[in-house]
Structures are given as structure tokens and as C-alpha cells.
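A.B. asks:
In the UniProt record's numbering, the protein residues as written are 1 to 92.
1. Exposed or buried, which one is residue 92 when buried takes at least 16 other CB atoms within 10 Å?
2. When the distance is taken between beta carbons, is residue 6 closer than 7 Å to residue 86?
3. Are there 16 or more other CB atoms within 10 angstroms of the CB of residue 37, so buried, or fewer, so exposed?
4. Leaving out five residues before and five after residue 31 in sequence, what residues of the same chain have Cβ atoms less than 8 Å from its Cβ?
5. Leaving aside the five residues before and after residue 14 along the sequence, list all residues of the same chain whose C-beta is less than 6 Å from its C-beta, in chain order.
Okay, here's the thing in C-alpha cells:
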């Protein structure tokens with residue numbers, strides 16, 4: 001089975017350019033998985049349902065399930081990007 005390929009990716013954001021919409025609670029659409037990849041620094045991923053948190057760093061991406069409410073909080077200087085998939089991706 002081949003690895004899932006993202007069908008779309010966001011631009012690379014830093015702590016200054018990270019959109020307000022991503023800092024507030026939001027979710028992906030039905031059938032869409034999001035993988036948050038930190039390129040530099042640290043980012044806190046917080047899920048509202050089910051509740052939880054994960055500190056993301058380079059090499060340690062975060063998975064957002066379809067329609068799962070969540071938000072992100074930069075932990076100082078960082079660079080990150082989100083990849084979107086229409087099938088559940090495997091994370092390292």
C-alpha cells in the first residue's frame with residue numbers, strides 16, 4: 001500500500017503570520033485529515049473533542065481527524081505548515 005499524498009498544503013506560517021483562524025477553535029471538513037508539521041520551533045496543538053494536547057516539534061507532527069475541533073498556539077519562534085489528506089495518513 002502506498003503512502004497517502006496530501007492534496008493540498010498551506011503556506012509556511014511563522015509565529016507572526018499564523019492566521020488568527022488557526023489560533024482559535026476550528027475543524028477540518030468531513031473526510032479531511034490534517035497533519036500539522038512544525039519545521040522549526042514548537043507549537044502546542046490542543047484538541048477540544050476529545051480533549052487533549054500535544055507539543056509539536058520538527059519530526060513530531062500532529063494529526064487532526066475529520067471535523068475534530070482544535071487550535072494551535074505557538075511556543076515562541078516557529079515555522080509550520082498543514083498538509084490535508086482525503087484518506088488517513090500514517091505518521092512517523
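A virtual CB, placed ideally from N, CA and C, is assigned to each residue, including glycine.
If you're wondering where the values come from, they're calculated on a predicted model, not measured in any experiment.
C.D. replies: On the basis of the data shown:
1. In the chain shown, the residue the question calls residue 92 occupies position 92. Label assigned to residue 92: exposed.
2. Counted from its first residue, the chain shown places residue 86 at position 86. Counted from its first residue, the chain shown places residue 6 at position 6. Their beta carbons are not under 7 Å apart, which means residue 86 does not touch residue 6 by this criterion.
3. For the purposes of this step, residue 37 is taken as residue 37 along the chain shown, with counting starting at 1. Residue 37 counts as buried, since no fewer than 16 other beta carbons sit within 10 angstroms of its beta carbon.
4. On the chain shown, position 31 is the one that residue 31 refers to. Excluding sequence neighbours, residue 31 sits near 66 and 86.
5. As a working mapping, residue 14 is identified with position 14 in the chain shown. Answer for residue 14: 79, listed in chain order.
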